[in-house]
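Since the structure comes first, as structure tokens, the remarks are kept for the end.
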Amino acid sequence: MRGPAARDRGDRGAVAASVVVVPILMTVLLTVLQIAIWYHGQSVATAAAQHGLDAARVPSGTSEAGKATVRQFVDQVGGLGLTDDVVVDRSAEEVSVTVRGEVQSLVPFFSVPVSVTLDAPVERIVE
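Quick look at the structure:
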């Protein structure tokens, strides 16, 4: 018959494996979540820039209309801080919209920047 000391030998090292595996799994999980948050922020910034570009490139559009449209879109979608920097440049022939910001970071003191720039010609009525 085996004593209590013989039964404990089978569990030896189980705690050491848990100490290694749990931090690795948490790191992988947080990395995947951070990538998903960044991707969502990038998608929102791209859609907001496209809406701002559409508003600024019509014949009666202005840079201010483009900025207002970007801010309104980001507010409706929940833009994760993407209205930090919105630049709309409209010339007689071309419009450029840049949306910059930072998405929520899961790691303290770590910034995750997002930046999207879209360009398009100003729409003109051709007869």
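If you use the numbering used here, the sequence shown closes out at 292, no skipped numbers anywhere. All C-beta atoms in this analysis are idealised placements derived from N, C-alpha and C, irrespective of residue type, glycine included.
Subject >> For P273 and V223, the rounded distance between their alpha carbons >> reply: 42 angstroms
Original post:
Among residues of its own chain, excluding the 5 on either side of E259, which ones have a beta-carbon nearer than 8 angstroms to its beta-carbon?
Top reply: D284, A285, P286, V287
Original post:
Taking one C-beta from the stretch 188-206 and one from the stretch 227-243 each time, how about it: are there three or more such pairs within less than 8 angstroms?
Top reply: no
**OP:** Following the continuous alpha helix (DSSP H) through S228, name the residue where it begins and the one where it ends.
**Re:** 228-242
**OP:** Determine the contact status of V264 and A220, defining contact as a CB-CB distance below 7 angstroms.
**Re:** no
Original post:
Hey, out of S225, T211, Y204, whose CA is closest to R255's CA?
Top reply: S225
**OP:** Write down every uninterrupted run of the beta strand (DSSP E) in the stretch 250-286 whose length is 3 residues or greater and which is fully enclosed by it, in chain order.
**Re:** 250-255, 259-268, 277-286
Original post:
Which residues in the same chain have their Cβ closer than 8 angstroms to the Cβ of L198, if we skip the five residues on either side of it in sequence?
Top reply: L271
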